[in-house]
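S.K.:
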Amino acid sequence: MADHGTGNYEKTYAAAKNDPERFWGEVAEGIDWIKRWDRVIDDSRKPFYRWFSGGVLNTCYNCVDRHVENGRGDQLAMVFDSPLSGTTRKFTYRELQDLTARHAGALRDMGVDKGDTVIIYMPMVPEAIVAMLACARLGAVHSVVFGGFAAPELAKRIVDARPRVVLSASCGLLPGRTVAYKPLLDEALEIAGVPDTPCLVLQRPELKADLVAGRDVDWDEAVARASPADCVPVAATDPLYIIYTSGTTGKPKGVVRDNGGHAVALRWSMEAVYDTQPGDVYWAASDIGWVVGHSYIVYGPLLQGCTTIVYEGKPVGTPDAGAFWRVCAEHGVNTLFTAPTAFRAIKKEDPNGELVRQYDMSRFRCLFLAGERSVPDDIAYASGILGVPVIDHWWQTEMGWPGLSNCMGIEHLPVKPGSVTKPVPGYVIEMLDESGHPRPNGEVGNLAIKLPMPPGTLYTLWHNEEGYRETYLSRYPGYYLSGDAGVYDTDGYASVMARIDDIINVAGHRLSTGQMEQILAAHPAVAEGAVVGVADAIKGQVPIGMVVLKSGVAESEAEICKELVASVRNQLGAVAAFKDVVVVQRLPKTRSGKVLRVTIRTMADGVEPKVPATIEDDSVLPEITAALQALGYPRQAA
Ligand code: COA
Ligand code: AMP
5 MADHGTGNYE
15 KTYAAAKNDP
25 ERFWGEVAEG
35 IDWIKRWDRV
45 IDDSRKPFYR
55 WFSGGVLNTC
65 YNCVDRHVEN
75 GRGDQLAMVF
85 DSPLSGTTRK
95 FTYRELQDLT
105 ARHAGALRDM
115 GVDKGDTVII
125 YMPMVPEAIV
135 AMLACARLGA
145 VHSVVFGGFA
155 APELAKRIVD
165 ARPRVVLSAS
175 CGLLPGRTVA
185 YKPLLDEALE
195 IAGVPDTPCL
205 VLQRPELKAD
215 LVAGRDVDWD
225 EAVARASPAD
235 CVPVAATDPL
245 YIIYTSGTTG
255 KPKGVVRDNG
265 GHAVALRWSM
275 EAVYDTQPGD
285 VYWAASDIGW
295 VVGHSYIVYG
305 PLLQGCTTIV
315 YEGKPVGTPD
325 AGAFWRVCAE
335 HGVNTLFTAP
345 TAFRAIKKED
355 PNGELVRQYD
365 MSRFRCLFLA
375 GERSVPDDIA
385 YASGILGVPV
395 IDHWWQTEMG
405 WPGLSNCMGI
415 EHLPVKPGSV
425 TKPVPGYVIE
435 MLDESGHPRP
445 NGEVGNLAIK
455 LPMPPGTLYT
465 LWHNEEGYRE
475 TYLSRYPGYY
485 LSGDAGVYDT
495 DGYASVMARI
505 DDIINVAGHR
515 LSTGQMEQIL
525 AAHPAVAEGA
535 VVGVADAIKG
545 QVPIGMVVLK
555 SGVAESEAEI
565 CKELVASVRN
575 QLGAVAAFKD
585 VVVVQRLPKT
595 RSGKVLRVTI
605 RTMADGVEPK
615 VPATIEDDSV
625 LPEITAALQA
635 LGYPRQAA
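Read in order, the letters of the sequence shown are residues 5 to 642 in the numbering used here.
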């Protein structure tokens, strides 16, 4: 569509802003509809907007079947590359269609119908992607849960989503260890109080699971005996999936995405933001448990008729820091999307980029980074070793696709390291002050998106519309509150600086320190605790904890700290990377009793500590310094 010419960004941005109905109506032509929409934007229930109401389609059909019908049947749809299991498997669009239809048949045989929910708790294997598509084929609503979450977290999602069936695998593979998924699943179903929920279990050769007779169904057997299921027509406004994300409480928020707006926006983002065409090879090095996996391992590339790479491995250690370049060269990757943390890990092992030179990267065009802020050093290293544009762009689980980016398919704007460039057409983004007025350029404000947000963004929280309104829409009427702080420079380039809540980003994974504090506080020896995200050279941030013990506790401090680390791992998950906690006599607080987490964080980061005038008693600070030193903070590299 785009001519990439100068001024094209401004033109496209203005078109989307001035006449969104027309703009998105035209973009929607990129999707095959069973029945066209009645209204592009349905604003009859402000502030809740719906897209393409009256329209009927099937997302799986648009991802798979239509490409077969349009002559792409023999093109690769998906390449599974797993250095951890030593296997590569390739699937054409025709093969993917056949597999998806049979998997949908197997789900239907287990009673899954349009509108039912299905939890998918699986490692990065092709069957997990097929399962997502199979749900979409039936009009069922999937909810994928990241494998690095512990059983109690999975249980919370089961309680909220009330799945008709759960799909899982016997194990996931990580460097040096095999994670048995099935015992975690069994425990989660017990905790959730629904131990009889039917489960479809993929037996991986690395570790077989014990199946519960009468409840668990063997994946391969079920698929072998199933007959293919056709695509079920669904309303554009029907839910496609729920993805749970960390909020400021221990209860995860079920972000809901629709079918119609999602398909329209995701396909368009592949051309407008990522500059891909059908037939290109696109790789999002993430996990299907995260939104990046949903949008850019599964739906975006397939809606656009690209080949998607499904990678079960790490950027380093599988077997070395050249792993990404091996995959790019072997499969002809044109575009890679990952988190800056992956590049920091690669840089540590291969500071001069020697490994990339061993591979044929001639087809590689562009690198996109998101999930956390890319500092100019991250960008300089990546563009230095790759010699292609490196694009930092910003979005969130709730949005589903980028809101601030250099739109490479519209116009290549000059890259400013440290900035995420400009709002993507369709998004109107402002940095607001406390009273809701846009801050002047150069001043940091609360990043807010004007309603209606474009198609593809969340339209509610699962069975919790009031929670949606309260969390996101009530702070500034007429806007969605992102939870991030941002700033525009004098050229209108945006930078996203930090969260305004207790969310931290650990290796690109979004976690709540408040939730970790709740876990610490639940320990019988703990009176109170604080968790803050401190700077980490590889992961960006890692959580550390400080606890005050109840008086008269007999257990040793070392023993308690060990138990606290284990509690966070067992209740939240290994992914939290919570390894450091220390006992203190008291926490720094304001006179009104609020724990000064920012003070602790800045002290740990070794920068000028932010100590407010309202501190209750600053004589506590030397003790905090000593406690941080005991944990090894501030770190040399920070
Ligand atoms: N199942 C079970 N456990 C998992 C898991 C899974 N699917 N994924 C990660 N974990 C565990 C890890 O084994 C690790 O446990 P450990 O404490 O026993 O070592 C812990 O969770 C943290 O994992 P991770 O965040 O992956 O850290 P790491 O130190 O193993 O690797 C990086 C660091 C930077 C290499 C890695 O985070 C990475 O590749 N990140 C870049 C891409 C990315 O994932 N982005 C996500 C959003 S785009
Ligand atoms: P998630 O919902 O897990 O995708 O995490 C979204 C959060 O990650 C955002 O709210 C930001 O805090 C952060 N984030 C994502 N991308 C960027 C970026 N490019 N720059 C700064 N922060 C980012």
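Where is the CB? At the ideal position from N, CA and C, for every residue including glycine.
1. Just reading off the alpha helix (DSSP H) that Cys-565 is part of, what are its end residues?
2. What whole-angstrom Cβ distance do Gly-11 and Arg-40 have, given they're in contact under 8 Å?
3. Mark Asn-74 as exposed unless 16 or more other C-beta atoms lie within 10 angstroms of its C-beta, in which case mark it buried.
4. Determine, using beta carbons only, whether Val-394 and Phe-341 come nearer to each other than 8 Å.
5. Step through the CB atoms of chain B and report whether any lies within less than 8 Å of the CB of Ser-299.
6. Would you mind listing the alpha helix (DSSP H) stretches within the region 224-278 that are 4+ residues and don't spill past its ends, in chain order?
7. Hey, quick one: how far does the beta strand (DSSP E) through Leu-204 stretch, first residue to last?
8. Under DSSP, the beta strand (DSSP E) around Ser-57 begins and ends at which residues?
9. Since Pro-202 and Val-221 should fall inside the 8 Å C-beta cutoff, what is the C-beta to C-beta distance between them, to a whole number of angstroms?
10. Helix, strand or coil for Met-128 per DSSP?
11. If you draw a straight line from the C-alpha of Pro-655 to the C-alpha of Tyr-637, how long is it?
12. Sorted by chain position, which residues of the same chain lie with C-beta nearer than 8 Å to Glu-131's C-beta, five sequence neighbours on each side aside?
13. Ignoring anything shorter than 3 residues, give me the beta strand (DSSP E) runs that lie fully in the region 364-413, in order along the chain.
14. Within 7 Å: the Cβ of Gln-519 and any heavy atom of the ligand AMP?
15. Please classify Gln-633: is it buried, with 16 or more other beta-carbons within 10 angstroms of its beta-carbon, or exposed?
16. Note down, in chain order, each residue of its chain lying with its Cβ closer than 6 Å to the Cβ of Asp-120, except the 5 sequence neighbours on either side.
17. In terms of residues, what are the limits of the beta strand (DSSP E) holding Val-532?
18. Where do the ends of the alpha helix (DSSP H) carrying Gln-522 lie?
19. Can we count Asp-381 as close to the ligand COA, meaning its CB is less than 7 Å from some heavy atom?
20. Please return the same chain residues whose Cβ sits closer than 7 Å to the Cβ of Tyr-359, not counting the five positions on each side in sequence.
21. Starting from Leu-307, trace the alpha helix (DSSP H) both ways and give me its first and last residue.
22. Does the ligand AMP have even one heavy atom less than 7 Å from the beta-carbon of Gln-400?
23. Can you check DSSP and say which residues form a bridge with His-513?
24. Can you tell me the Cα-Cα spacing of Ser-499 and Arg-573, whole angstroms?
25. If you compare alpha carbons, which of Gly-556, Phe-52, Asp-584, Gly-176 is closest to Glu-567?
26. Between Trp-287 and the ligand COA, is there a pair consisting of the residue's CB and a ligand heavy atom that are separated by less than 7 Å?
27. Going straight from the alpha carbon of Lys-311 to that of Gly-77, what length do you get?
28. If you count every other CB in all the chains shown that lies within 10 Å of the CB of Ser-555, and 16 or more means buried, which is it?
29. From Gly-440 to Pro-429, what does the alpha carbon distance come to, in whole angstroms?
30. With Gln-545 as the anchor, note down where its beta strand (DSSP E) starts and where it stops.
31. Contact defined as beta carbons within less than 8 Å: I believe Thr-63 pairs with Ala-140. What is the distance between those atoms, to the nearest angstrom?
32. Ignore the nearest five residues each way along the sequence and tell me which others in Gly-309's own chain have a CB closer than 6 Å to its CB.
33. For the ligand COA, any of its heavy atoms closer than 7 Å to the Cβ of Ala-173?
34. Less than 8 Å between the CB atoms is what I'm expecting for Phe-347 and Tyr-303, so what's the real figure, rounded?
35. Does Ala-173 come out as helix, strand or coil in the three-state DSSP assignment?
36. Less than 8 Å between the C-beta atoms of Leu-270 and Gly-460, yes or no?
M.R.: Answer, in terms of the structure:
1. Unbroken alpha helix (DSSP H) run through Cys-565: 561-575.
2. Taking a contact as a CB-CB distance under 8 Å, the pair Gly-11 and Arg-40 does not count as one, their CB atoms being some 32 Å apart.
3. Asn-74 is exposed by the Cβ-count criterion.
4. The criterion of a C-beta distance shorter than 8 Å is not satisfied by Val-394 and Phe-341.
5. Among the chains of the structure shown, chain B does not appear; only one protein chain is present.
6. Runs of the alpha helix (DSSP H) inside the region 224-278: 264-276.
7. Here the beta strand (DSSP E) through Leu-204 covers 203-206.
8. It spans 52-57 - the beta strand (DSSP E) in which Ser-57 sits, taken as one unbroken run.
9. Yes, they are in contact, since the Cβ atoms of Pro-202 and Val-221 sit about 7 Å apart, within 8 Å.
10. Secondary structure at Met-128: coil, using DSSP grouped into helix, strand and coil.
11. It is not possible to answer for residue 655, since the shown part of the chain is limited to 5 through 642.
12. Take Glu-131, set aside five residues on each side of it, and the residues of its chain with a beta-carbon closer than 8 Å to its own are His-107, Ala-173, Leu-206, Trp-223, in chain order.
13. For the region 364-413, whole beta strand (DSSP E) runs of length 3 or above, ordered along the chain, are 370-373, 394-396.
14. Not so, every heavy atom of the ligand AMP lies at least 7 Å from the Cβ.
15. Classification of Gln-633: exposed, given that the 10 Å Cβ count is below 16.
16. If we look at Asp-120 and ignore the five residues flanking it on each side, its Cβ neighbours are Ala-144, Arg-168.
17. Checking the displayed sequence, the identity of residue 532 turns out to be Glu instead of Val. Note, Glu-532: beta strand (DSSP E), 530-540.
18. Its alpha helix (DSSP H) spans residues 517-525.
19. In this structure, the ligand COA has no non-hydrogen atom nearer than 7 Å to the beta-carbon of Asp-381.
20. One point to set straight first is that residue 359 is Leu, not Tyr, in the sequence displayed. Around Leu-359: Asp-324, Ala-325, Gly-326, Trp-329.
21. Looking at the DSSP string, the run of the alpha helix (DSSP H) that includes Leu-307 is 304-307.
22. Remark: the C-beta of Gln-400 is in contact range of the ligand AMP, defined as less than 7 Å to any heavy atom.
23. Under DSSP, His-513 takes part in a beta bridge, and its partners are Val-510.
24. For Ser-499 and Arg-573, the distance between alpha carbons rounds to 33 Å.
25. Answer by Cα proximity: Asp-584.
26. For Trp-287, the CB stays at least 7 Å from every heavy atom of the ligand COA.
27. Residue identity differs from the one stated: residue 311 is Thr in this sequence, not Lys. Straight-line Cα distance between these residues: approximately 12 Å.
28. Exposed, because fewer than 16 other Cβ atoms sit within 10 Å of the Cβ of Ser-555.
29. Distance between the alpha carbons of Gly-440 and Pro-429: 22 Å.
30. Element bounds for Gln-545: 544-553.
31. Ala-140 and Thr-63 do touch by the CB rule: their CB atoms are close to 4 Å apart, below 8 Å.
32. Answer for Gly-309: His-71, Arg-76, Pro-282, listed in chain order.
33. The ligand COA has no heavy atom closer than 7 Å to the beta-carbon of Ala-173.
34. Contact flag wrong, Cβ pair sits at about 25 Å.
35. Three-state DSSP puts Ala-173 in a strand.
36. In this structure, Gly-460 lies closer than 8 Å to Leu-270 by Cβ.
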